[in-house]
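According to this note's numbering, the sequence shown is numbered sequentially starting from 13.
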Amino acid sequence: MKNIICCCDGTWDRLDQETGDILSPTNVVRIYNALSPVDDHGTQQVKYYHPGVGTGHSIKQKLLGGGLGEGINRNIKSAYRFLCENYQEGDHIYLYGFSRGAYTVRCLAGFITKCGLLKTKQLDDSDIWHKIDKAFSLGYRKNQPLANWSSNGEFTTNIEIFFIGVWDTVGSLGIPDEMGILKLFDNPQKYYFYNTQLSKNIKHARQALSIDEKRKTFQPTLWDETQAKQDHVDLVQKWFPGVHTDVGGGYPETGLSDCTLIWMIRESEATNLNFELKMTEQIHPNSLAPRHDSCTGIFKLLETRPRSIPNFISESSQYSEFALARYSTPPISDAPYHLNHTIYPQGTSMSIYADQQWNETGIWLEKGKHYSFQAIGTWKDNNLIYDANGKSDHKFHFQKIVHCIMSAIGKLKSLLKKLERNPSAYIPGTKRNEKSPWFSLIGSVACNLKPANNPHLLGNHETFLIGNRLDDFTPQKSGYFYAYANDAWNFYFNNHGSVRLEIKIKE
13 MKNIICCCDG
23 TWDRLDQETG
33 DILSPTNVVR
43 IYNALSPVDD
53 HGTQQVKYYH
63 PGVGTGHSIK
73 QKLLGGGLGE
83 GINRNIKSAY
93 RFLCENYQEG
103 DHIYLYGFSR
113 GAYTVRCLAG
123 FITKCGLLKT
133 KQLDDSDIWH
143 KIDKAFSLGY
153 RKNQPLANWS
163 SNGEFTTNIE
173 IFFIGVWDTV
183 GSLGIPDEMG
193 ILKLFDNPQK
203 YYFYNTQLSK
213 NIKHARQALS
223 IDEKRKTFQP
233 TLWDETQAKQ
243 DHVDLVQKWF
253 PGVHTDVGGG
263 YPETGLSDCT
273 LIWMIRESEA
283 TNLNFELKMT
293 EQIHPNSLAP
303 RHDSCTGIFK
313 LLETRPRSIP
323 NFISESSQYS
333 EFALARYSTP
343 PISDAPYHLN
353 HTIYPQGTSM
363 SIYADQQWNE
373 TGIWLEKGKH
383 YSFQAIGTWK
393 DNNLIYDANG
403 KSDHKFHFQK
413 IVHCIMSAIG
423 KLKSLLKKLE
433 RNPSAYIPGT
443 KRNEKSPWFS
453 LIGSVACNLK
463 PANNPHLLGN
473 HETFLIGNRL
483 DDFTPQKSGY
493 FYAYANDAWN
503 FYFNNHGSVR
513 LEIKIKE
């Protein structure tokens, strides 16, 4: 018996990656480097590392792989072949991945669960790849019966995945949903998760999740904890402070990524995987370390969205010890770390600023409860003054013509949503909520509602028009409440002022 460890990295990530001239590998690399050659009982530990998509040498490979996720199927099949060539009955398989590497190992686990592992000893190189391709395409992707892609005895079935550990699984591949017309030329089916639930063949599963990532295309894919409990899978998912790469590693500053790394190592050690002490002693978790801004470069031009996170008070068990430490005692440069406000019997009021894409209120809205909202005051879109209903004065202004033109174009966005069955379709310059007036006050519950007609698409928060007054609102799902002026993405820089919003719980 031996331990077989397969490590798959994230987008543009590789063993020798640098930031400037400083080595800045992800936690996938660091966990790979920290592994001992044998465990405490002398059992051999065989390890494998695969760089992430977008690490090819050509510009085309970097753009298509990193930007759109091209090549991820190849990565899955490469890791699969390594397991086929090394697995013997009784071996323990460990899978680790970050970001799209997490997507890779989760798909890999699904592939193994569905098809088993190919017996490669009597096959030459071309036959191995041919049979892997056939099993992946017909058996895993198309879910066809065994007879369509395998002769009897070619695959070892009922393989147990002993441990799978992932950092912030991202399954968003292909052209981003919000890129309007371009999405029509994409085939999203080739990127769908084909096994999002944990299989009964998985014994232990762990996921570290980012609290602070705001890139919409980097929404995390959580495992279904109810289903895992029914299938007696040992599943733990914890939320950690920081953005996507703060959690999975890849910045030169490692205070926050060390929090998730030491957690994953301790969880793995509990299942008898062994790490070099001289390596793990170099890990220095710091819950107060600075968190980074991931919305830079091209991501500044794309939509943002706060994550659907648990309630810090009533659902604190879902947070890591590091997240709770930062929440209770935040760093002096980042305080408070996430608001948590109560709605008092007489109501709670707050300012909603026109220049913020997302106003964090710290108010938790509960599913099934009834709430009322009232806003007073005005705010400005450049030189135009609006109230919370989106009404301005009757004076002529060139900007009103621009709004009329963009509203007409916005109707095309509505058509795209229907054609693509994609509620996230977006055309630059159009308002965020097409059915509501320009600069009206919009509310949003960060609850990640999945589209009923297409569960493969990224979820959206529950969004609703508040205006000057909304007498009765009942959330479909619980979550933290955000608010904003209904403007076009990337045009908040010329907004000014705020309105005052009062929220009450209706008896």
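Every residue gets a Cβ at the ideal spot worked out from N, C-alpha and C, and that includes glycine.
Exercise. On the premise that His296 lies in contact with Thr257, defined as a C-beta separation below 8 Å, what is that separation, rounded to the nearest angstrom?
Worked result: To locate residue 257, count along the sequence shown from 1; it is residue 245. To locate residue 296, count along the sequence shown from 1; it is residue 284. Actually they are not in contact, since the Cβ atoms of Thr257 and His296 sit about 18 Å apart, beyond 8 Å.
In the DSSP assignment, what residue or residues form a beta bridge with Ser363? Within the sequence shown, numbered from 1, the residue matching residue 363 stands at position 351. Arg512.
ask   = Of the choices Ala217, Gly177, Gln100 and Tyr115, whose alpha-carbon is the least far from that of Ile171?
value = In the sequence shown, the residue the question calls residue 171 occupies position 159. When only C-alpha atoms are compared, the closest one is Gln100.
C-alpha gap between Val414 and Thr475, whole angstroms = Locating residue 414 in the sequence shown gives position 402, where the first residue counts as 1. Locating residue 475 in the sequence shown gives position 463, where the first residue counts as 1. One C-alpha to the other measures close to 25 Å.
Do you know how far the Cα of Asp103 is from the Cα of Gly165?
Reading the sequence shown from its first residue, position 153 is the one you call residue 165. Reading the sequence shown from its first residue, position 91 is the one you call residue 103. Rounded to whole angstroms, Gly165 to Asp103 spans 19 Å at the Cα level.
N- and C-terminal bounds of the alpha helix (DSSP H) containing Gly113 = Indexing the sequence shown from 1 puts residue 113 at position 101. Where Gly113 is concerned, the enclosing alpha helix (DSSP H) stretches over Arg112 to Cys127.
Worksheet item: Is the beta carbon of Ser48 less than 8 Å from the beta carbon of Gln57?
Response: By one-based count along the sequence shown, residue 48 stands at place 36. By one-based count along the sequence shown, residue 57 stands at place 45. It is a contact, given that the beta carbons lie within the stated cut-off.
Fill in: Span of the alpha helix (DSSP H) around Asp139
By 1-based counting over the sequence shown, the position of residue 139 is 127. Its alpha helix (DSSP H) spans residues Asp137 to Lys146.
ask   = Would you call Gly78 buried or exposed, if buried means 16 or more other Cβ atoms sit within 10 Å of its Cβ?
value = Here residue 78 corresponds to residue number 66 of the sequence shown, with the count starting at 1. Residue confidence is low: Gly78 scores 44 on pLDDT, short of 50, so the model does not pin down where it sits. No coordinate-derived value is stated.
Kindly indicate the opening and closing residues of the alpha helix (DSSP H) around Gly267.
Position 255 of the sequence shown, counted from the start, is the residue given in the question as residue 267. Start and end: Gly267 to Glu281.
| Less than 8 Å separating the beta-carbons of Tyr108 and Ile43? | To locate residue 108, count along the sequence shown from 1; it is residue 96. To locate residue 43, count along the sequence shown from 1; it is residue 31. Yes, the pair counts as a contact, with Cβ atoms nearer than the cut-off.
Checklist line | Segment contact flag, the segment 26–46 with the segment 124–134, C-beta cutoff 8 Å, min 3 pairs | finding: no
field: chain B within 8 Å of Ile517, Cβ atoms only
entry: Absent from the structure: chain B. Only one protein chain is present.
**Prompt:** What's the C-alpha gap between Leu313 and Gly32?
**Reply:** The residue you call residue 313 lines up with position 301 of the sequence shown. The residue you call residue 32 lines up with position 20 of the sequence shown. If you take the alpha carbons of Leu313 and Gly32, they lie about 24 Å apart.
Trp161: which of Thr168, Thr169 and Phe148 sits nearest, CA to CA?
Working through the sequence shown from its first residue, we reach residue 161 at position 149. Selected option, being the one with the closest Cα: Phe148.
### Message
I need the DSSP call for Glu2, collapsed to helix, strand or coil.
### Response
Within the shown structure, residues of the chain are numbered from 13 to 519, placing residue 2 beyond reach of any answer.
Self-check item: Any non-hydrogen atom of the ligand MG closer than 7 Å to Asn85 Cβ
Solution: Inclusion of the ligand MG in the displayed structure is not the case, the ligand content being empty and no account of it being possible.
- Shortest alpha-carbon distance to His384 belongs to which of Asp484, Val259 and Arg227? Residue mapping note: residue 384 aligns to position 372 of the sequence shown, counting from 1. For clarity, residue 384 is Ser in the given sequence; the question names His instead. It is Asp484 whose Cα lies nearest to the Cα of Ser384.
Proximity winner among Gly54, Ile17, His53 and Pro63, relative to Leu27 (alpha-carbon distances): Here residue 27 corresponds to residue number 15 of the sequence shown, with the count starting at 1. Here the closest residue by C-alpha is Pro63.
* Asked: Apart from the five residues just before and just after Ser328, which ones in its own chain have a Cβ nearer than 7 Å to its Cβ?
  -> For this step, residue 328 is matched to residue 316 along the sequence shown. Leu336.
**OP:** Taking only the alpha-carbon atoms, compute the straight-line gap between Thr373 and Leu130 and give it to the nearest angstrom.
**Re:** To locate residue 373, count along the sequence shown from 1; it is residue 361. To locate residue 130, count along the sequence shown from 1; it is residue 118. If you take the alpha carbons of Thr373 and Leu130, they lie about 53 Å apart.
Measuring only the C-alpha atoms, how far is Thr442 from Cys416?
Taking the sequence shown and counting its residues from 1, one reaches residue 442 at position 430. Taking the sequence shown and counting its residues from 1, one reaches residue 416 at position 404. Thr442 and Cys416: Cα-Cα distance of roughly 10 Å.
Alpha carbon to alpha carbon, what distance is there between Ile105 and Lys89? Locating residue 89 in the sequence shown gives position 77, where the first residue counts as 1. Locating residue 105 in the sequence shown gives position 93, where the first residue counts as 1. Approximately 16 Å between the Cα atoms of the pair.
Q.
Let me confirm a value: Leu196 is counted as buried when at least 16 other C-beta atoms fall within 10 Å, else exposed. Which label applies?
A. Counted from its first residue, the sequence shown places residue 196 at position 184. Low local confidence applies: a pLDDT of 40 at Leu196 is under 50, so the model's placement there is unreliable, with the coordinate-based value given in what follows. Leu196 is exposed by the Cβ-count criterion.
Notebook entry, point to check: Between the C-alpha atoms of Ile144 and Ile355, what's the straight-line distance to the nearest angstrom?
Noted result: Residue numbering aside, residue 144 sits at position 132 when the sequence shown is read from its first letter. Residue numbering aside, residue 355 sits at position 343 when the sequence shown is read from its first letter. Going by the C-alpha atoms only, they are around 57 Å apart.
- Task: Let me know if Gly81 comes out buried or exposed under the rule of 16 or more other beta-carbons within 10 Å of its beta-carbon.
- Result: Residue mapping note: residue 81 aligns to position 69 of the sequence shown, counting from 1. For Gly81, the predicted structure reports a pLDDT of 44, less than 50, and the residue's modelled location is therefore unreliable. A value from the coordinates is still provided. So Gly81 counts as buried.
- Item | Residues that DSSP places opposite His256 in a beta bridge | The residue given as residue 256 occupies position 244 in the sequence shown. DSSP lists no partner for His256.
Give me the Cα-Cα distance between Val117 and Asn472, rounded to the nearest whole angstrom. The sequence position of residue 117 within the sequence shown is 105, counting from 1. The sequence position of residue 472 within the sequence shown is 460, counting from 1. Looking at the two C-alpha atoms, the distance is approximately 25 Å.
In this structure, how does DSSP classify Leu377 when only helix, strand and coil are distinguished? Along the sequence shown, one-based indexing puts residue 377 at 365. Correct three-state label for Leu377: strand.
request  = Assign Met362 to one of two classes, buried (16 or more other C-beta atoms within 10 Å of its C-beta) or exposed (fewer than that).
outcome  = Here the question's residue 362 lines up with position 350 in the sequence shown. Met362 should be labelled buried.
Q.
Suppose contacts are defined by Cβ-Cβ distances below 8 Å. Is Leu377 in contact with Gly509 by that definition?
A. Walking along the sequence shown from the start, residue 377 turns up at place 365. Walking along the sequence shown from the start, residue 509 turns up at place 497. Cβ atoms of Leu377 and Gly509: not closer than 8 Å.
> Excluding five sequence neighbours on each side, which residues of the same chain lie with their C-beta closer than 8 Å to the C-beta of Glu97?
Replying inline: The residue you call residue 97 lines up with position 85 of the sequence shown. The residues are Thr132.
message: Out of Asn298, Pro37 and Asn213, which one is the CA nearest neighbour of Arg338?
response: Within the sequence shown, residue 338 is the residue found at index 326, counting from 1. Closest by alpha carbon: Asn298.
- Message: Once the 5 residues before and after Phe94 are set aside, which same chain residues still bring their CB inside 7 Å of it?
- Response: In the sequence shown, the residue the question calls residue 94 occupies position 82. Within the same chain, Phe94 has close Cβ partners Cys18 and Tyr60.
- Query: When the Cα atoms are used, what is the spatial distance from Ile187 to Thr229?
  - Reply: For the purposes of this step, residue 187 is taken as the residue at position 175 of the sequence shown. For the purposes of this step, residue 229 is taken as the residue at position 217 of the sequence shown. Interpretation of Ile187 is limited by its pLDDT of 38, a score under 50 that renders its predicted location unreliable; no figure is taken from the coordinates.
Practice item. Using the Cα positions of Phe283 and Cys119, report the straight-line distance between them to the nearest angstrom. Key: Within the sequence shown, residue 283 is the residue found at index 271, counting from 1. Within the sequence shown, residue 119 is the residue found at index 107, counting from 1. First, the amino acid is wrong: residue 283 is Thr here, not Phe. Cα-Cα distance, rounded: 22 Å.
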